[in-house]
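Read the structure below first, then the notes.
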């Protein structure tokens with residue numbers, strides 16, 4: 114359930130992202146081993162960001178700007194060697210196509226033809242981007258600019274241009290634009306300190322240097338790096354983690370894994386395809402007059418009685434306490450049961466800006482919990498008028514891969530725990546256990562089919578298909594692109610890998626005549642009732658004495674069939690009514 | 018068909034039930050409360066269970082067995098039916114202590130007769146008789162054995178509720194005696210009749226169930242404590258039969274059950290008319306209209322559905338959507354592969370349920386095969402990654418099947434895992450920052466806090482004891498919900514009651530912990546200074562603005578006092594300002610800068626937009642308005658000591674004058690002497706006083722100005738460098 118997902122973000126407005134891509138000759142140099150050029154790689158990333166924005170946050174604005182081009186194209190055509198390929202707007206089908214056109218060797222040709230490579234002035238490029246931002250009439254909540262280049266000294270020693278670049282970068286940063294560098298491979302290595310260090314927004318803290326030192330050589334790295342930066346961390350809410358009277362640690366709650374859903378359909382007017390708005394009115398059935406909220410109450414029916422409450426009472430019932438987290442105590446990690454899962458977890462990180470000193474205490478708690486293998490048990494009220502739930506704060510230490518980026522951040526994962534109502538009592542069947550020989554055979558099968566699971570390895574086929582369909586319709590394609598259903602078992606491969614193991618295992622566990630595909634004939638439903646034929650006179654007698662109710666539904670159904678009674682329902686009363694109607698006439 | 022149970026409440030209302038020691042509640046009242054709570058629970062649980070009420074010790078007699086002076090003073094108050102509020106009201110208003118006495122065994126026989134006759138021909142999975150009595154009447158044991166035999170053959174379960182605990186060691190079914198004083202009668206000693214009665218009760222109960230029979234004897238107090246909790250929501254587990262497949266030729270028959278599930282209340286609130294309380298009096302209607310000025314209404318038939326593809330809206334009918342949507346083969350539990358358990362991260366679990374997977378109970382071959390898989394996974398520390406589809410209508414998921422081996426059973430536990438689309442990768446600044454790294458002293462303060470707050474401890478026997486098993490606590494939301502509904506149903510017209518104390522207590526720290534952690538908490542407080550940062554809220558009333566103003570240093574205030582007064586008052590009239598509007602952009606701008614709800618850069622951006630809009634009108638009136646805006650821009654920039662945005666805007670504005678034909682406007686600006694902010698005014702400015710003055714003189718060489726020449730800015734920088 115979208116428990117914490119409902120809007121209510123603190124920051125409102127659109128996110129925006131400008132791709133500022135170097136279009137110099139160096140970007141188009143192809144590697145000998147057939148690897149894509151830096152330019153090609155960048156376009157693939159841009160495309161994937163476009164499509165992911167379309168699927169996940171279409172209201173974000175995205176722009177694609179090239180610098181170091183021969184041709185110029187920008188709103189007032191006041192900048193030379195800057196080519197605004199896409200200005201800041203919501204990404205759509207056409208834009209995806211246009212980015213596609215720039216991919217591959219054909220794309221390189223097209224780029225050379227339309228834009229060419231020329232002089233570089235990063236200052237102009239940044240200025241132009243600044244104008245893109247200021248031309249936007251919408252309120253922007255998050256502004257990011259990513260520079261993709263493989264040249265660490267873009268102006269080749271031209272100090273005037275260098276300085277102008279620096280000034281414009283600082284202007285941009287002053288208006289709240291975050292500038293990131295996505296530097297790409299270059300022979301001899303990319304030296305960030307040569308120039309770009311002064312351009313980009315300094316990292317959130319000085320130890321965060323790992324993110325900018327190594328250039329990206331692989332598409333996957335670049336994609337990951339862009340993906341990590343592309344989305345603004347959106348805090349679901351900020352609240353206090355209260356350890357005790359007057360000890361409040363400010364924390365932000367973030368959701369890191371939320372089921373993505375198909376976006377809801379939009380209602381359109383048939384004639385013009387324009388969206389319509391819906392208005393809901395509540396009125397009195399008898400008088401037809403509109404009813405105000407104060408003229409309405411809420412009710413539930415229990416035990417044949419309607420219980421009525423005021424609307425605000427309904428809200429007040431839900432309210433227990435103000436939003437916050439309250440520490441109850443600590444437990445060893447093994448007390449956290451795997452199956453105590455009721456909702457996706459959220460992530461907790463200190464908010465130093467709200468309460469100074471939060472990070473230090475948070476960090477100390479995290480460290481100790483982690484070292485002592487403990488979790489903290491808390492009572493958690495996520496929002497106003499939400500009832501509390503118990504949660505386990507599970508420590509997570511920071512993990513990075515050799516200077517390339519953060520894999521997991523430091524913080525607490527918040528695991529929701531079930532209440533008694535959430536746990537169902539099951540009658541587990543009593544069945545024999547497997548012998549060690551049978552287990553060992555299965556172990557061979559398991560070992561043959563080992564793979565390294567990665568949580569981002571599977572796409573959701575239903576959502577992918579939906580967007581492919583939309584894409585096809587939007588772009589007037591003949592048929593939607595095929596999707597690969599990644600969660601389909603690769604049966605052939607599995608069969609080949611397992612070879613004779615399957616038969617060997619089956620021989621060990623199943624008797625010769627056993628077929629697991631069908632219901633076992635011997636054990637299943639042994640007492641399937643013989644068909645009860647009801648003689649007509651008996652049935653008529655039942656109708657006469659109104660004792661049809663004594664008969665069972667299958668018998669009644671049979672009777673209906675026999676006498677050609679057509680029934681719409683399958684409920685007992687409906688069958689009886691139909692029979693009476695037929696036989697008493 | 019769902020199985021239901023039939024239950025007869027059989028309550029003693031005879032005169033001895035009203036006897037009590039001074040200051041104690043008479044057994045009658047306690048027994049009545051037990052019945053009330055019990056019926057309430059049933060009503061709110063909305064089970065199909067049926068209930069009858071038999072009273073004995075009544076002044077009158079009304080039961081089918083009465084004959085020849087037998088079975089006297091026993092009244093069947095209500096026949097077997099689903100309990101409702103009517104029954105609750107009857108219990109509240111019609112059941113009083115009466116003045117006769119009746120044999121409880123006779124009453125039991127009446128109940129058995131009632132159950133036998135009224136359940137005939139219907140299916141019940143449980144028949145129960147609940148007897149509430151003080152056992153003060155002499156009962157004739159002559160037919161005891163016949164009664165026991167009949168109970169056995171009819172399959173009837175008995176429960177006794179007595180004013181006193183049944184045994185000295187055994188506290189009937191409850192969770193232990195919490196201080197003996199809670200049981201009136203316990204210390205008093207029982208009368209001879211009561212002792213005899215108790216012996217008979219024990220005899221009956223043990224004959225029915227040798228092992229646990231005595232667990233079904235409760236004391237009123239104890240029962241009340243347990244019953245104050247509303248019944249937890251219980252759902253009958255539905256079986257989901259399927260086949261677990263590995264490749265094309267290995268399949269194992271399985272049955273899945275939801276084992277853990279984020280449970281919700283079944284009922285939602287309905288809207289009723291406040292006057293009549295009738296639902297039918299309220300009608301909700303949705304109309305559709307175009308987003309134009311007239312809000313032209315559109316008929317429902319003229320509406321089609323579409324989806325957004327980025328900025329495009331693609332019409333996509335339901336029929337097409339169904340035809341083109343992702344289709345699959347339905348129900349499935351297919352293994353994609355196996356992986357190490359350590360590759361699965363708990364915090365990435367998705368969905369809101371856990372499914373336990375067993376083999377069908379009648380298929381031992383499947384049991385063995387599944388057991389082999391479960392044990393293999395367990396021994397290898399691995400899990401199966403599976404494709405799971407509930408049925409054809411539901412989209413398939415990917416998830417992990419964990420091995421689970423318990424003392425009495427084995428199963429797989431399936432939990433959904435995320436798709437790529439579901440994950441957000443956020444990076445957070447490292448906490449290994451020297452500003453935040455705790456000292457040794459701080460760490461040891463946290464250590465002793467953890468020690469004092471350990472909820473799991475070893476007891477004397479060395480066994481681990483968990484002080485707070487949260488999964489044994491009922492969902493407080495449901496408890497509160499039913500408490501309020503019940504209150505409103507029984508006491509209409511009175512305000513809702515406060516939360517029940519036991520519920521409040523259940524959500525708090527256990528008392529032991531609370532006491533123990535006081536000192537370590539104080540230590541943490543001392544070692545970790547925490548200061549709340551004053552935050553400016555987004556939406557502020559003018560009153561708050563005034564409040565904040567007074568908090569500011571006087572020096573800063575002195576200058577702008579008057580104008581502040583002015584636009585704050587305007588705010589009161591206009592409501593809060595959230596963006597720079599077109600009516601009075603200069604005022605909005607000032608307010609927003611003051612509020613600091615938006616970054617300064619953003620507010621400036623909004624203002625310059627307005628200025629550009631105004632300038633596009635080429636009209637003196639709008640020119641004047643633009644100038645007020647620019648003046649406000651300048652004034653606030655100087656105030657905040659931020660010259661850059663203003664200067665660069667004014668510079669670019671100047672450059673655009675010839676192209677846009679705004680010379681008239683420029684002249685006005687020159688007249689008003691609105692120039693760049695110089696270094697003399699704001700320290701950070703890159704403009705000298707001289708340049709600022711020069712600025713207003715329009716450049717003669719217009720064609721050069723048109724292009725944003727790099728030399729321009731370069732020169733300024735060069736000049737600065739030289740200075």
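Protein chains in written order, with our numbering: chain L, 114 to 698; chain B, 18 to 740. Ideal Cβ positions, reconstructed from N, Cα and C, are used throughout, including at glycine. From a predicted model like this one, the values you see are computed outputs, not experimental measurements.
My guess is that residue i and residue j are in contact by the Cβ rule of under 8 Å, so how many angstroms apart are they, rounded?
i                     : j                     : result
residue 602 (chain L) : residue 147 (chain B) : Their Cβ separation, rounded to whole angstroms, is 54 Å, which puts residue 602 (chain L) and residue 147 (chain B) out of contact at 8 Å.
residue 271 (chain B) : residue 376 (chain B) : 6 Å
residue 411 (chain L) : residue 286 (chain B) : 4 Å
residue 533 (chain B) : residue 469 (chain B) : 5 Å
residue 32 (chain B)  : residue 60 (chain B)  : With a Cβ gap of about 30 Å, residue 32 (chain B) and residue 60 (chain B) do not count as contacting.
residue 417 (chain B) : residue 400 (chain B) : 5 Å
residue 730 (chain L) : residue 274 (chain L) : Missing from the structure shown is residue 730 (chain L); chain L here goes from 114 to 698 and no further.
residue 391 (chain B) : residue 427 (chain B) : 5 Å
residue 374 (chain L) : residue 279 (chain B) : Actually they are not in contact, since the Cβ atoms of residue 374 (chain L) and residue 279 (chain B) sit about 17 Å apart, beyond 8 Å.
For residue i, return the contacting residues in chain B, with the cut-off set at a CB-CB distance below 7 Å.
i                     : result
residue 491 (chain L) : Those within 7 Å of residue 491 (chain L) in chain B number zero; the least Cβ separation is about 10 Å.
residue 448 (chain L) : 473 and 483
residue 454 (chain L) : 277, 366, 371 and 432
residue 292 (chain L) : Result: empty, since nearest Cβ-Cβ is about 14 Å, beyond 7 Å.
Could you tell me which residues DSSP puts in a beta bridge with residue i?
i                     : result
residue 323 (chain B) : L:379 and B:332
residue 113 (chain B) : For residue 113 (chain B), which the question treats as bridged, DSSP gives no partner whatsoever.
residue 389 (chain L) : B:307
residue 404 (chain B) : B:351 and B:415
residue 548 (chain B) : L:469
residue 420 (chain B) : B:429
residue 596 (chain L) : BP columns for residue 596 (chain L) are empty, so no partner.
Give me the chain L residues within the contact set of residue i, using Cβ-Cβ distance strictly less than 7 Å, ordered along the chain.
i                     : result
residue 489 (chain B) : 533
residue 596 (chain B) : 252
Show which residues of chain L have a CB atom less than 9 Å away from the CB atom of residue i.
i                     : result
residue 63 (chain B)  : 415 and 416
residue 96 (chain B)  : In chain order: nothing, as chain L lies at least about 16 Å away.
residue 308 (chain B) : 387, 388, 389 and 390
For residue i, return the contacting residues in chain L, with the cut-off set at a CB-CB distance below 8 Å.
i                     : result
residue 322 (chain B) : 378, 379, 380 and 381
residue 428 (chain B) : 541
residue 619 (chain B) : 252, 253, 288 and 289
What residues of chain B sit near residue i, judged by a beta carbon separation below 8 Å?
i                     : result
residue 152 (chain L) : Simply none; closest approach about 23 Å.
residue 623 (chain L) : 382 and 386
residue 247 (chain L) : 622, 625 and 626
residue 410 (chain L) : 288, 289, 290, 291 and 294
Is residue i near the ligand GTP, in the sense that its beta carbon is under 7 Å from a heavy atom of that ligand?
i                     : result
residue 519 (chain L) : Among the components of this structure there are no ligands whatsoever, and the ligand GTP is therefore not found.
Task: Length at least 4, wholly inside the region 467 to 511 of chain L: the alpha helix (DSSP H) runs in chain order - done: Runs of the alpha helix (DSSP H) inside the region 467 to 511 of chain L: 471 to 484.
Task: Near-chain L residues of the region 640 to 653 of chain B - C-beta to any C-beta below 9 Å - done: Per Cβ criterion, the list is empty.
Task: Residue ranges of each alpha helix (DSSP H) within the region 407 to 478 of chain L, 4 or longer - done: DSSP runs (the alpha helix (DSSP H)) wholly in the region 407 to 478 of chain L: 424 to 431.
Open item on the list: Using a Cβ-Cβ cutoff of 8 Å, what residues of the region 163 to 183 of chain L are near chain B? List them in chain order.
Closed with: Going along the region 163 to 183 of chain L in chain order, one finds 163, 166, 167, 168, 169 and 171 with a Cβ nearer than 8 Å to chain B.
TODO: Closer than 7 Å, Cβ to Cβ, to anything on chain L: give me those residues from the region 622 to 635 of chain B, in chain order.
DONE: If the cut-off is 7 Å between Cβ atoms, the region 622 to 635 of chain B has 622, 625 and 626 near chain L.
Task: Residues, ordered as in the chain, of the region 481 to 510 of chain L that lie near chain B by beta-carbon distance below 8 Å - done: Residues passing the 8 Å Cβ filter: 481, 482, 485, 487, 490, 492, 500, 501, 503, 507 and 509.
TODO: Please go through the region 514 to 587 of chain L and give each complete alpha helix (DSSP H) segment of 4 or more residues, from N-terminal end onward.
DONE: List check, alpha helix (DSSP H) in window: 549 to 561 and 574 to 587.
TODO: Would you list, in chain order, the members of the region 388 to 404 of chain L that have their beta-carbon closer than 7 Å to a beta-carbon of chain B?
DONE: So the close ones are 388, 389, 390, 391, 392, 393, 394, 395, 396, 397, 398, 399 and 404.
- [ ] At 4 residues or longer, and completely inside the region 333 to 391 of chain B: list those alpha helix (DSSP H) runs for me, N to C.
- [x] Scanning the region 333 to 391 of chain B for uninterrupted alpha helix (DSSP H) segments of 4 residues or longer gives 335 to 341, listed from N- to C-terminal end.
Task: Every unbroken alpha helix (DSSP H) inside the region 662 to 695 of chain L [4 residues or more] - done: Here the runs fully enclosed are 666 to 675.
TODO: Please list the segments of the alpha helix (DSSP H) lying wholly inside the region 225 to 307 of chain B, counting only runs of 4 or more residues, in order along the chain.
DONE: Counting whole runs of 4 or more residues, the region 225 to 307 of chain B contains the alpha helix (DSSP H) stretches 237 to 244.
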